[in-house]
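Residue numbers (this note's numbering), protein chains in the order written: chain S, 750 to 842; chain Y, 209 to 760. Take a look at the structure set out below.
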């Protein structure tokens with residue numbers, strides 16, 4: 750898969766809500782383990798910029814959006830189920 | 209029904225199974241708030257897409273697209289199926305977004321439609337509960353008037369969560385759809401309303417052009433204006449039987465077996481109303497307007513000109529198409545739009561086919577009350593199965609509500625089937641107790657006297673024969689009379705003649721008597737003369753003899 754390309758991700762969180770904090774930690778682990786720096790991550794606090802999140806079609810927090818490369822993907826939850834996250838992001842070892 | 213509407217600034221929970229009208233209820237409340245109070249509302253659609261909801265609501269006359277531009281905002285809140293779930297999530301972010309949106313729009317109303325869809329994705333009852341609490345706190349903190357819809361009876365084990373939800377909200381409205389005898393019935397019930405009195409019963413619900421209609425509980429007190437004005441029941445003879453016609457605003461029930469010309473009577477009533485220039489609504493069930501007008505024209509009842517002139521409105525419904533409630537809603541909107549003064553429902557009994565009898569009964573009585581509230585003079589027909597008036601129309605139990613009850617029946621005698629009309633009751637007015645024969649002629653329906661002979665009512669040929677016989681008898685009587693008179697005249701002349709003869713006799717006898725008297729005097733004179741003469745001859749004492757003779 751797109752190994753060489755940079756993965757663009759956005760993580761929508763609700764400040765320091767437990768699930769949001771867990772999602773941040775889980776994503777950091779995944780990135781560290783699989784992506785080796787080939788990624789751009791933007792973390793958006795929905796409480797700070799709710800209208801932007803709304804415009805992006807975010808419904809619940811935490812949500813992870815894969816912007817590029819295509820296909821785009823959306824993952825809802827605290828990302829504790831690692832294998833499904835990896836699969837959804839199209840990351841292969 | 210809830211004595212004032214939904215609680216402002218509080219949360220209302222709408223519960224119900226699939227297809228029971230939760231979304232419509234919620235949306236309609238929102239539309240009303242927007243339209244009537246110029247408030248702004250937010251509709252969060254978890255279940256259906258905005259496009260779907262708007263398309264579904266297009267059948268109602270809400271002008272939704274127009275409202276959406278200004279005061280009614282939809283928020284797409286469906287998770288697309290290809291969203292991957294990984295671990296727990298919460299509504300914190302969503303609520304933050306909603307608050308932002310609310311602040312942006314200044315919305316006072318919020319509808320969360322199908323929130324259960326989202327919560328189910330948590331796959332954890334405890335988490336669902338937590339999020340519901342979060343939602344409650346958020347709604348309370350933001351003082352929004354909220355409507356939350358949630359499904360019940362979907363067979364999910366987690367349903368208990370939504371039962372719990374009932375405790376946290378201020379008002380719970382249960383919606384239900386059930387099938388009764390093959391017709392779906394919608395019901396609404398207020399299960400809870402904090403701080404307000406409410407009607408706790410279950411009320412029928414129907415969907416019309418203006419959206420959802422709840423059958424209001426019938427007011428315990430009946431207030432109908434009572435008019436003394438009479439309107440024609442269609443033709444003079446019937447009016448006479450009713451002591452001058454029907455009261456304006458009264459209800460008339462016509463019952464009878466199929467083919468007893470109920471529709472003809474109804475048509476006559478409608479025609480008479482139109483001829484008075486009154487707007488008339490003719491509602492027929494299971495028979496089209498065209499065939500009715502054609503059939504009525506065969507007995508000289510002409511409705512088409514009135515239809516063209518806009519005085520008459522014909523509405524034909526297929527009873528099985530919708531439930532009785534929906535028929536009622538439709539009629540209601542027709543009445544509202546057309547504002548008729550007179551109305552025909554032919555036959556009302558048909559709505560009994562549209563679902564369960566209980567429901568149809570309630571609808572029938574509500575329909576009559578509604579019509580009477582409007583002051584409309586209504587003419588209702590109903591088919592009854594038996595020919596016994598005591599069982600007729602009791603299917604719908606309309607007969608007790610109707611002011612006037614005309615019964616049509618058949619009398620089968622000597623190979624004929626004739627129509628008979630009886631007035632069973634007519635409140636507050638004199639009415640004929642006699643049975644009349646209803647004859648349908650090319651010039652219209654006519655009522656004829658009937659004869660009773662040996663306790664039997666004679667109709668048709670028998671009546672004609674009887675009439676003929678009566679005519680014969682009259683002729684005979686007249687002939688006999690003439691004869692007798694002539695006889696008497698003859699005998700009078702005879703008597704007069706006899707009197708004349710007797711008078712002649714009398715005269716003759718009198719003259720004879722006179723004659724006799726003169727003769728006698730003469731004889732007396734002559735005899736005394738003769739005595740004198742004799743004495744003179746004999747030389748006796750004339751004085752003494754004469755004196756003793758006079759003294760004797």
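For glycine and all other residues, C-beta sits at the position ideal for the given N, C-alpha and C.
Buried versus exposed call for residue i [16 or more other C-beta atoms within 10 Å across all chains shown]
i: residue 672 of chain Y; result: exposed
i: residue 723 of chain Y; result: exposed
i: residue 756 of chain Y; result: With a pLDDT of 46 at residue 756 of chain Y, under the threshold of 50, the modelled position of that residue is not reliable, and no figure is offered here.
i: residue 297 of chain Y; result: buried
i: residue 750 of chain S; result: Reliability of the predicted coordinates at residue 750 of chain S is poor, the pLDDT of 46 falling under 50, and the value obtained from them is presented with this limitation in mind. Looking at its Cβ environment, which holds fewer than 16 other Cβ atoms inside 10 Å, residue 750 of chain S is exposed.
i: residue 453 of chain Y; result: buried
i: residue 464 of chain Y; result: buried
i: residue 727 of chain Y; result: exposed
i: residue 668 of chain Y; result: buried
i: residue 785 of chain S; result: exposed
i: residue 691 of chain Y; result: exposed
i: residue 476 of chain Y; result: buried
i: residue 712 of chain Y; result: exposed
i: residue 280 of chain Y; result: buried
i: residue 729 of chain Y; result: exposed
i: residue 606 of chain Y; result: buried
Inter-residue CB distance, residue i and residue j (contact presumed, cutoff 8 Å)
i: residue 313 of chain Y; j: residue 248 of chain Y; result: 5 Å
i: residue 252 of chain Y; j: residue 285 of chain Y; result: 5 Å
i: residue 275 of chain Y; j: residue 243 of chain Y; result: 7 Å
i: residue 309 of chain Y; j: residue 803 of chain S; result: 6 Å
i: residue 768 of chain Y; j: residue 685 of chain Y; result: The question about residue 768 of chain Y has no answer here: the residues shown for chain Y are numbered 209 through 760.
CB of residue i within 8 Å of CB of residue j, strictly
i: residue 459 of chain Y; j: residue 576 of chain Y; result: yes
i: residue 833 of chain S; j: residue 294 of chain Y; result: yes
i: residue 634 of chain Y; j: residue 446 of chain Y; result: no
i: residue 224 of chain Y; j: residue 383 of chain Y; result: yes
i: residue 332 of chain Y; j: residue 255 of chain Y; result: no
i: residue 811 of chain S; j: residue 761 of chain S; result: yes
i: residue 559 of chain Y; j: residue 527 of chain Y; result: yes
i: residue 838 of chain S; j: residue 821 of chain S; result: no
i: residue 652 of chain Y; j: residue 508 of chain Y; result: yes
i: residue 828 of chain S; j: residue 776 of chain S; result: yes
i: residue 327 of chain Y; j: residue 283 of chain Y; result: no
i: residue 550 of chain Y; j: residue 495 of chain Y; result: no
i: residue 350 of chain Y; j: residue 316 of chain Y; result: no
i: residue 648 of chain Y; j: residue 472 of chain Y; result: yes
Sequence-distant residues of the same chain with beta carbon closer than 8 Å to residue i, five excluded per side
i: residue 474 of chain Y; result: 462, 490, 552, 554, 587 and 589
Among the options, nearest to residue i - alpha-carbon criterion
i: residue 817 of chain S; options: S:795, S:791 and S:810; result: S:791
i: residue 512 of chain Y; options: Y:646, Y:479, Y:705 and Y:547; result: Y:479
i: residue 583 of chain Y; options: Y:700, Y:347 and Y:488; result: Y:488
i: residue 457 of chain Y; options: Y:385, Y:533 and Y:579; result: Y:579
i: residue 755 of chain S; options: S:775, S:789, S:797 and S:761; result: S:789
i: residue 815 of chain S; options: S:836, S:778 and S:765; result: S:836
i: residue 639 of chain Y; options: Y:611, Y:623, Y:619 and Y:624; result: Y:611
i: residue 824 of chain S; options: Y:282, Y:278, Y:292 and Y:280; result: Y:292
i: residue 631 of chain Y; options: Y:680, Y:642 and Y:585; result: Y:642
i: residue 234 of chain Y; options: Y:629, Y:503, Y:504 and Y:318; result: Y:318
i: residue 571 of chain Y; options: Y:649, Y:537, Y:581 and Y:299; result: Y:537
i: residue 345 of chain Y; options: Y:379, Y:280 and Y:219; result: Y:219
i: residue 470 of chain Y; options: Y:444, Y:481, Y:503 and Y:455; result: Y:503
i: residue 466 of chain Y; options: Y:437, Y:279, Y:625 and Y:732; result: Y:625
i: residue 376 of chain Y; options: Y:699, Y:400, Y:385 and Y:651; result: Y:400
i: residue 520 of chain Y; options: Y:483, Y:556 and Y:494; result: Y:483
i: residue 436 of chain Y; options: Y:444, Y:468, Y:636 and Y:394; result: Y:636
i: residue 566 of chain Y; options: Y:356, Y:532, Y:496 and Y:681; result: Y:532
i: residue 609 of chain Y; options: Y:569, Y:302 and Y:688; result: Y:569
Close Cβ partners of residue i (< 6 Å) along its chain, the five nearest in sequence each way excluded
i: residue 362 of chain Y; result: Low local confidence applies: a pLDDT of 48 at residue 362 of chain Y is under 50, so the model's placement there is unreliable, with the coordinate-based value given in what follows. Result list for residue 362 of chain Y: empty, nothing under 6 Å.
i: residue 324 of chain Y; result: 358 and 359
i: residue 381 of chain Y; result: 222 and 398
i: residue 239 of chain Y; result: 270
i: residue 629 of chain Y; result: 616, 644 and 646
i: residue 780 of chain Y; result: The question about residue 780 of chain Y has no answer here: the residues shown for chain Y are numbered 209 through 760.
i: residue 439 of chain Y; result: 453, 454, 456 and 585
Nonlocal neighbours in the same chain, by C-beta distance under 7 Å from residue i, ignoring five residues either side
i: residue 794 of chain S; result: 762 and 764
i: residue 797 of chain S; result: none
i: residue 245 of chain Y; result: none
i: residue 497 of chain Y; result: 522 and 524
Distance cut-off 7 Å: residue i Cβ against heavy atoms of the ligand GDP
i: residue 356 of chain Y; result: Because no ligand of any kind appears in the structure shown, any question about the ligand GDP cannot be addressed here.
Review point. When Cβ atoms are compared, which residues of the segment 753-784 of chain S fall closer than 9 Å to chain C?
Key: Absent from the structure: chain C. Protein chains present are S and Y.
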